[in-house]
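Chains as they are written, first to last, in my numbering: chain V, 50 to 341; chain R, 1474 to 1608; chain U, 925 to 1389.
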């Protein structure tokens, strides 16, 4: 039973009276690629910030590599790579100078990886940051976070400003990096299609609470949409088992249910005396349904 | 020593955005290919890495599919070499198991039939006709 | 109201109140100064009441003064404004109206305060009070406007080079030492400098309204800062890596050199202006020049404000805990402060030693100025939570001590009524510094970078997208 890389228990955050996060509990182990999805304002960035110690939680605790996030020792910090949503680059100096700066701040620096990626991603290193486009700056930020071979890589909306080709290359690189299963990658995004390719675990944040966390495959298999067409009017107080969202209108009902297993369809048909259609949804549809 | 032909990675059609998880799509496709004879016993399957790279998906989901297929006896692992289709596995599992595999498609068919107000005998006729052509 | 007037009024209102903090300060300042004015009108003549008025108007004027140029540029740059009919004119008129309105309000109150009684130290002849008050206030507002306009994100243009010098000169010519005796030809000096402000506005207005604004993309690069950084080569000595992340590539030596050079240039300009006017070269020059120090010190202290937000980058990179980050930020702040304020101080002392020979009567001004700068430095380190009410109160205190320090420092060796206040004042200011440091240290232990964000001007200063 290895120590979890990330763990949070009862995490809550309130800023100026607004509840940003409530009672978030997660635990992730080495080697996973975790995607965090949620609407804008659902608390993704805040959650990432609290996990990494940038912000103290109002309640609960969060740990990285077994250490409390607010008091991470220097060695642990050296094992983390973070790409923030808004880059924190210094406008006046060039990409190459940034790399030199960061390499001097870390004991371990993988120059070959950095060179290879800079070429593959077409990141200009000889121009001052202030003249680079937003996509190029994002790529440079990612480069800086990867250079010291971090064991935990956290990316906040890393591909939001990249064109589809650049995004595909970026994701491939992420996969490549995490393929040996020693690195843990956590990234937040609202581009759901990227997640479906790359992530094996998902956290869904809805209004500050964790609506779902677990494996993506399990999510797709166990959260389904049911369309019920009954012969007689359905009782208005009908509560389908494990329904996350549901709508009932006379003889028709639609619901998003979790913890579904295929055997249940027959029992549901019998108990409701209705046609029950089970629809497996892609992640984007799941996401939209969840917020319906 | 016969040379084991390798199935190209692009033979698989993977849709990450589908409601069916990627590993399940792969498992289903391999099972259907083996059942229909497209994949002869001894054919080598493309490596996990190849499939993952071509389709830009997480390699773990591919290896999960392969492990599942190995568990069901459809594939066999050869030390140091690619996974190959296991011999003598034309009919895998009992009748009940195989029927269960088809259940999603049968459900969809039944639903569509009901919407079109067709009954079981209509469907049976169509099925017999379609399947009668094959052995 | 006719549409153009409505647009202008709205812009003027925006400039005065675009942050809640500014509204607070406006109200607080008004209350204070109006209270003082009423008391004086009802017969009070004490020094304290006068200080109330000056302090109150200072609090009202300060936020507008500091932000008007920046706000003006931000509004004028937006394409929506450029596409609106007569958009440029409305913005210009709005800004002008704001400044005139504030000036008149201040001048009115200052006239009352200055005119009350004939206590020593306020040696302005009675008949000229209103004029002097108006021109002083107007000059200060004009100077602040140009300074903030050009030092945020300027564009290339003829005025770009003259602007800062002109502004600084006017600024020093009219800085709030209203009780400076003007023994020689006050009429000519006041009139001449008033004309200078009008010329400045006319030139600026012509340039601004005449340019084909659609050709300039919104948000150009900071030309003045780029020019400056090209003139100054970063020295060969490589600054420590962590410090670059915190305070940028300019090292202390470069800052000091820049500051020293700027002070000397300023002094030359002032000499030019005051010598031409025929006023007492020795006395006028020294006092005016020494005023540089309080302003430079407070500006240098304010620059620390970016550090709490920027320290976020070092949390993971630097391997430091929050206490160590505080010490690093403090050291960095001191380095920059010592470089700029120290250079200004050095320039002052040298110029005084070799050219002015003022017998050191103005030295207390240097001391109070520097102490005010240090308290501003720690105040900025203390500000890690945005602007809660307590911080606003503390900022008012810091500002009050700064303005009070200028008056005190200037008069204390000349005016026996004022002299006993100097030592307690310095003690109070020093105590404030220590308390601020203690509280800042505590706050940094639990600094929340979700609330304490990186300052937006980090990008704005160098004009990136």
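Idealized CB from N, CA, C, for every residue including glycine.
Check, Outcome
"Within 8 Å of any Cβ in chain R, is that where the Cβ of residue 136 of chain V sits?", "no"
"Can you pull the DSSP bridge partners for residue 130 of chain V?", "V/202"
"Is residue 240 of chain V helix, strand or coil by DSSP?", "coil"
"List the residues of chain R whose Cβ lies closer than 7 Å to the Cβ of residue 331 of chain V, in chain order.", "1490, 1491, 1492"
"Please determine, among V/332, V/316, V/82, the residue with the shortest C-alpha to C-alpha distance to residue 273 of chain V.", "V/332"
"Along the chain, where does the beta strand (DSSP E) containing residue 74 of chain V start, and where does it finish?", "67–77"
"Please report the straight-line C-alpha distance between residue 127 of chain V and residue 101 of chain V, rounded to a whole angstrom.", "12 Å"
"Mind checking which residues open and close the alpha helix (DSSP H) that includes residue 1536 of chain R?", "1532–1544"
"Determine, using beta carbons only, whether residue 212 of chain V comes closer than 8 Å to chain R.", "no"
"For residue 1240 of chain U, decide whether its Cβ has a neighbour in chain V, counting only Cβ atoms nearer than 8 Å.", "yes"
"Please state the DSSP three-state secondary structure of residue 1015 of chain U.", "helix"
"Rounding to the nearest angstrom, what Cα-Cα distance links residue 257 of chain V and residue 73 of chain V in this structure?", "8 Å"
"Unbroken alpha helix (DSSP H) runs of length 4 or more, entirely within the region 940–1010 of chain U: which are they?", "944–965, 971–1001, 1003–1007"
"Check residue 1605 of chain R in the structure and name its three-state DSSP category.", "helix"
"So what's residue 281 of chain V in DSSP terms, helix, strand or just coil?", "coil"
"Does the beta carbon of residue 1314 of chain U sit closer than 8 Å to a beta carbon anywhere in chain V?", "no"
"Residue 179 of chain V versus chain R: which residues are under 7 Å apart at the beta carbon?", "Those within 7 Å of residue 179 of chain V in chain R number zero; the least Cβ separation is about 33 Å."
"Return the CA-CA distance between residue 1228 of chain U and residue 1255 of chain U, expressed in angstroms with no decimal places.", "11 Å"
"CA-CA distance, residue 93 of chain V and residue 1512 of chain R?", "45 Å"
"What residue does the alpha helix (DSSP H) around residue 225 of chain V start on, and which one ends it?", "213–227"
"In chain order, what residues of the same chain lie with their CB nearer than 6 Å to the CB of residue 309 of chain V, ignoring the 5 residues before and after it?", "271, 273"
"Measure from the C-beta of residue 951 of chain U to each C-beta in chain V and report whether the shortest distance is under 8 Å.", "no"
"Does residue 1055 of chain U come out as helix, strand or coil in the three-state DSSP assignment?", "helix"
"Which of the three DSSP states is assigned to residue 116 of chain V in this structure?", "strand"
"In three-state terms, what does DSSP make of residue 210 of chain V?", "coil"
"Just how far apart, CA to CA, sit residue 1233 of chain U and residue 1308 of chain U?", "8 Å"
"Go ahead and label residue 978 of chain U buried or exposed: buried means 16 or more other beta carbons lie within 10 angstroms of its beta carbon, across all protein chains shown.", "buried"
"How many angstroms separate the CA atom of residue 1030 of chain U from the CA atom of residue 201 of chain V?", "59 Å"
"Could you check whether the Cβ of residue 266 of chain V sits closer than 8 Å to any Cβ belonging to chain R?", "yes"
"In angstroms, rounded to a whole number, what distance separates the CA positions of residue 300 of chain V and residue 317 of chain V?", "15 Å"
"Can we say the region 1571–1580 of chain R touches the region 1538–1554 of chain R, given the rule of at least three CB pairs closer than 8 Å?", "no"
"Who are the neighbours of residue 1237 of chain U on chain V, taking C-beta pairs under 8 Å?", "137"
"Kindly indicate if chain V contains any beta-carbon less than 8 Å away from that of residue 999 of chain U.", "no"
"By how many angstroms is the C-alpha of residue 1362 of chain U removed from the C-alpha of residue 1218 of chain U?", "24 Å"
"Under 7 Å Cβ-Cβ, which residues of chain V neighbour residue 1533 of chain R?", "249"
"Count the other CB atoms, across all protein chains shown, that sit within 10 Å of the CB of residue 1531 of chain R; report buried if there are 16 or more and exposed otherwise.", "buried"
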